[in-house]
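One structure is given below, encoded as structure tokens.
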Amino acid sequence: MAENAKKQAQAGKAPKIKIRKGDTVKVIAGRDKGAEGKVIRVIREEQRLIVEGVNRVKRHTKVVNQGGRDGKTGGIITSEAPIHVSNVMLVEGDGVTRVGFRRDEVTKRRPDGSTYLGTRSVRISRKTGKEI
């Protein structure tokens, strides 16, 4: 799997990530194992997510007086660091589930008003088969 991701990265394509911004995920490995949070940001190129309240790190910043009023005040800033997508699972209902895709037939409309049959990709829960 990692080799495939490396090959895609070298080819200039970002690998597909099945988790999206706004999803609730549960950490299944690492220091914050068991923690749940909402996905704030997805970094496709690195296969990483920033999850609210998970993998928090502290950064010590120096006082910068340059720039007049826009100068930074020093101190310790706590923020979320990225976590690898393999260390989280999507939360659905009471537990966690894997994510799959299904193609549904839908009627689409052209700009001139005529309709035609097309397909739409839908994320589904592997556990229940329901649309996410």
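Just so it is clear: in the sequence shown, position 15 is 15 by UniProt numbering, and no numbers are missing. A virtual CB, placed ideally from N, CA and C, is assigned to each residue, including glycine.
Same chain, Cβ closer than 6 Å to K18, five either side skipped, listed in chain order: V99
Cβ-Cβ separation, T97 to R126 (assumed contact under 8 Å), whole Å: 6 Å
Neighbour-count burial assignment, R59, 16 or more Cβ in a 10 Å radius: exposed
Sub-8 Å separation of D32 and N55 beta-carbons: yes
Sequence-distant residues of the same chain with beta carbon closer than 7 Å to G75, five excluded per side: T61
As assigned by DSSP and simplified to three states, the class of S86: helix
Which residues DSSP lists as bridging I76, in chain order: H60
Coil, strand or helix - E3 by DSSP: helix
is_contact[R20, chain B] using C-beta, thresh 8 Å: In the displayed structure, chain B is absent; only one protein chain is listed.
Ordered list of beta strand (DSSP E) runs contained in the UniProt region "Disordered" (109-132), each at least 3 residues: 115-125
Proximity to R44 [Cα-Cα], best of R110, T115, G12: G12
Given residue 151 as reference, the closest of K21, G30, T73, Q66 once Cα atoms are compared: A question about residue 151 goes unanswered here, because the residues of the chain that appear run from 1 up to 132.
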